[in-house]
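A.B. asks: Per the working numbering, the very first residue in the sequence shown carries number 317; after that it's consecutive. Yeah, the Cβ is synthetic: ideal placement off N, Cα and C, and Gly gets one too.
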Amino acid sequence: MATYVISDIHGEYELFIKLLEKIRFTSVDTLYVLGDVIDRGPHPIKALLKLMEMPNAVCLVGNHEVMALKCLKFLRQEITESSIEKIDEKLLDNLATWQYNGAETTISEFRRLDEETQLDVLDFMEDFLVYETLTIEGKNYLLVHGGLGNFSPEKDIEDYSLHDIVWERPDYGRQYFENTYLVTGHTPTQLIAENEKPGYIYREKNHIAIDCGACNPSGRLAAICLESGEETYVDKRVQKQREE
Numbered sequence: 317m318a319t320y321v322i323s324d325i326h327g328e329y330e331l332f333i334k335l336l337e338k339i340r341f342t343s344v345d346t347l348y349v350l351g352d353v354i355d356r357g358p359h360p361i362k363a364l365l366k367l368m369e370m371p372n373a374v375c376l377v378g379n380h381e382v383m384a385l386k387c388l389k390f391l392r393q394e395i396t397e398s399s400i401e402k403i404d405e406k407l408l409d410n411l412a413t414w415q416y417n418g419a420e421t422t423i424s425e426f427r428r429l430d431e432e433t434q435l436d437v438l439d440f441m442e443d444f445l446v447y448e449t450l451t452i453e454g455k456n457y458l459l460v461h462g463g464l465g466n467f468s469p470e471k472d473i474e475d476y477s478l479h480d481i482v483w484e485r486p487d488y489g490r491q492y493f494e495n496t497y498l499v500t501g502h503t504p505t506q507l508i509a510e511n512e513k514p515g516y517i518y519r520e521k522n523h524i525a526i527d528c529g530a531c532n533p534s535g536r537l538a539a540i541c542l543e544s545g546e547e548t549y550v551d552k553r554v555q556k557q558r559e560e
């Protein structure tokens with residue numbers, strides 16, 4: 317039995333499947349997905365549907381799921397004078413922000429689903445966890461999508477807002493906890509100034525940052541096994557070479 321953590325699939329369904337194959341993921345293993353399954357890549361809903369079939373996969377909410385849930389329920393409605401009248405400034409802002417952040421592929425695939433499956437997908441995303449705490453091999457882990465905005469060592473995890481956890485980014489130059497590893501996605505490791513290996517998992521000061529930019533041409537989808545610390549990567553270049 318092994319515990320794996322991945323993040324920010326961003327619609328890269330083929331990379332996700334290749335990663336599961338590469339780590340030899342089985343029914344006795346557990347997979348934690350730290351949000352942002354959807355948007356940007358070609359098959360976000362297909363990736364969600366795969367996760368829905370996996371009872372040993374645990375999904376945490378990312379900022380892209382937060383945006384999608386606010387908008388997809390509205391987009392399912394029939395466009396009438398009444399529904400148009402219900403569009404307020406906040407909803408318009410949410411729609412614009414989500415569109416700017418790569419909603420097109422999610423909307424396209426979602427609209428091709430039948431009504432029952434659409435509702436199942438929405439219900440599935442609404443059940444995503446906000447955070448998870450684990451103790452494995454005597455080590456403590458706090459799993460979140462983004463970070464701990466407005467961090468204070470006196471705060472309990474329940475004291476952080478959803479925005480603090482899914483939108484904010486950690487200060488990777490600061491060690492937040494002495495005896496707990498903070499595992500995050502959201503910030504591609506290519507953007508961490510302290511990272512000497514951009515595009516690979518960053519592990520310093522009890523941070524484990526695992527978003528390796530899968531949706532970018534030179535990025536990777538990464539997994540870390542919490543029992544062994546082993547890192548596994550797949551990327552589009554290998555996929556393209558195989559196809560050729």
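1) Taking only beta-carbon atoms, is Tyr-447 less than 8 Å away from chain D?
2) So the candidates are Thr-451, Phe-332, Val-382; which of them puts its Cα closest to the Cα of Leu-367?
3) Assign Val-344 to buried or exposed, taking buried as 16 or more other Cβ atoms, counted over all protein chains shown, within 10 Å of its Cβ.
4) Taking the Cβ atom as the reference point for each residue, do Glu-494 and Thr-319 lie within a distance shorter than 8 Å?
5) Would you report the Cα separation of Glu-453 and Gly-327, rounded to the nearest angstrom?
6) For Leu-388, collect the residues of the same chain with a Cβ closer than 7 Å to its Cβ; drop the 5 residues on either side in sequence, then sort them by chain order.
7) Measuring straight from C-alpha to C-alpha, what distance separates Lys-552 and Leu-537?
8) With which residues is Tyr-518 paired in a DSSP beta bridge?
9) Kindly list the residues whose CB is nearer than 6 Å to the CB of Ile-361, restricted to its own chain and excluding five residues on each side of it in sequence; keep chain order.
10) What's the gap between the Cα of Leu-391 and the Cα of Leu-450?
C.D. replies: Taking the geometry as given:
1) No chain D is present in this structure, which holds just one protein chain.
2) Between Leu-367 and the set Thr-451, Phe-332, Val-382, the nearest pair of CA atoms involves Phe-332.
3) That one is exposed.
4) No, they are not a contact pair.
5) One C-alpha to the other measures close to 32 Å.
6) If you ignore the 5 residues before and after Leu-388, its C-beta comes within less than 7 Å of the C-beta of Phe-426, Leu-438, all in its own chain and listed in chain order.
7) C-alpha separation (whole angstroms): 9 Å.
8) Beta-bridge analysis with DSSP links Tyr-518 to Ala-525.
9) Glu-425, Phe-426, listed in sequence order.
10) When the Cα atoms are used, Leu-391 and Leu-450 turn out to be separated by approximately 37 Å.
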